[in-house]
Amino acid sequence: MGMVRMWQASLQARMAGKFTGVAPEATLLAFKVFTTAGITDEDTLIESFLYAYNAGYIFLYVPEVPDNDGVYIGDYTSFWATLQTLPAEAIVSTVLNGGSVTASIPDIAEFVGIFNNQAYTPSYFTSFGGTYDLNLKPDIAAPGSNILSLYLNGGYASMSGTSMACPYIAGVAALYIGEFGGRAIHGPSIAGKVHARILSSGEPLIWGSALGITDKRASATQIGNGLVNATKVLGFDTQLSYSKFVLNDTHHYSRYHRVDITNNAKGEVVYTFEVLPDGGYNSFTAPDASGFEAVGQYFDVMQNPIDIIPQVKLPSGTYKLQPGQTKTGVSYQQSYM
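For the sequence shown, the UniProt record's numbering begins at 1 and goes up steadily by one.
What follows is the structure in structure tokens.
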């Protein structure tokens, strides 16, 4: 867990004294990797990852890496990196054996949306994600507006931003690992399992704009799969695979999508499927004075959400799973709108 400007150590994941964080009994391993000027280098950052890895930690929360490209582990599924993929293991193994690794994180959208706990909408400063290769980001949203948290010299302060939302997610992950065990018990694959559980727990939020609250749901490109629900993460008996339904609306359009469902309950479970459309937006504005369309500014996009409902062919018939059964290859066919 990185520490920015020497104060961002525990944040929401764990608090002391009379205030309780998300996972108050969690043990945090914190490394100061930034100077007070907010800069670091690759050697220092990688060294902190190695310490955490060797200590048995599987979730690394890297709040921000100013003036630094960070670390790339094969795919950028999360800033709190899941050290389970072969590229991630290869990085650790190579460095431990004295080798060198070229590492970088592209300049892409933030990975945890920010929830406004006062209005049940995304905070006004939550940006829109989506990556240059049309991947869906962010993954999930968490409370990040006006959060009471630890501050310098043993004090407390109300702060907002991704630096508040990300530790909340880290705290939820700590709760699950504390209850069911981590890498020492389940092996490296547990990281991906917890990642998928957190993402699939999302609850929809309302689209809010400068013009007021609307009747549409907030976009997945702003809040991912919705507001994280720790009760679902720890308590639900269903496990979903890590799946994103991304059309890749280009020459390489992808219309078929799969998700694996595992029933870990003691009895039979019947699953049903439905589509919950989000509010849509046109990312290009009307032609400007030059006669060319331009990428829409934040408030242009936010103030006028539109109805865009894709044609989705859901699994038909009764979808029934016995205890311990996994049904693979559930196919979602998405057509052009």
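Using N, Cα and C, we set each Cβ at its ideal position, and we do this for glycine too.
- In this structure, the beta-carbon distance from Ile206 to Tyr124 does not fall below 8 Å.
- For Ser163, DSSP records no beta bridge to any residue.
- In terms of CA proximity to Thr238, Ser201 leads the group Val228, Ser201, Gly130.
- DSSP, read as helix, strand or coil, puts Gln222 in helix.
- Rounded to the nearest whole angstrom, the C-alpha separation of Ala265 and Phe180 is 15 Å.
- Taking a C-beta distance under 8 Å as the contact criterion, Gln322 and Asn263 qualify as a contact pair.
- According to the DSSP assignment, Ala142 belongs to the beta strand (DSSP E) that extends over 140-143.
- In this structure, the alpha-carbon of Ile261 lies about 46 Å from that of Phe292.
- Arg217 is positioned such that its CB atom lies closer than 8 Å to that of Leu276.
- In the DSSP assignment, Val259 falls within the beta strand (DSSP E) that extends over 256-263.
- Per DSSP, the unbroken alpha helix (DSSP H) holding Lys232 starts and ends at 230-235.
- Taking Tyr156 as reference, the option from Asn146, Leu175, Leu240 with the minimal CA-CA separation is Asn146.
- At least 8 Å separates the beta-carbon of Gly171 from that of Gly279.
- Within the same chain, and ignoring the five residues on either side of Ser254 in sequence, the residues whose Cβ sits closer than 8 Å to its Cβ are Val246, Leu247, Asn248.
- Sequence-distant partners of Leu234 (beyond 5 residues in either direction) whose C-beta falls short of 7 Å from its own C-beta, in its chain, are Leu175, Tyr176, Glu179.
- Under the three-state reduction of DSSP, Leu227 is assigned to strand.
- Excluding residues up to 5 positions away in sequence, Ser283, Phe284 lie with their Cβ nearer than 7 Å to the Cβ of Val295 in the same chain.
- Where Ile147 is concerned, the enclosing beta strand (DSSP E) starts and stops at 147-150.
- The continuous beta strand (DSSP E) containing Gln239 extends over residues 238-240.
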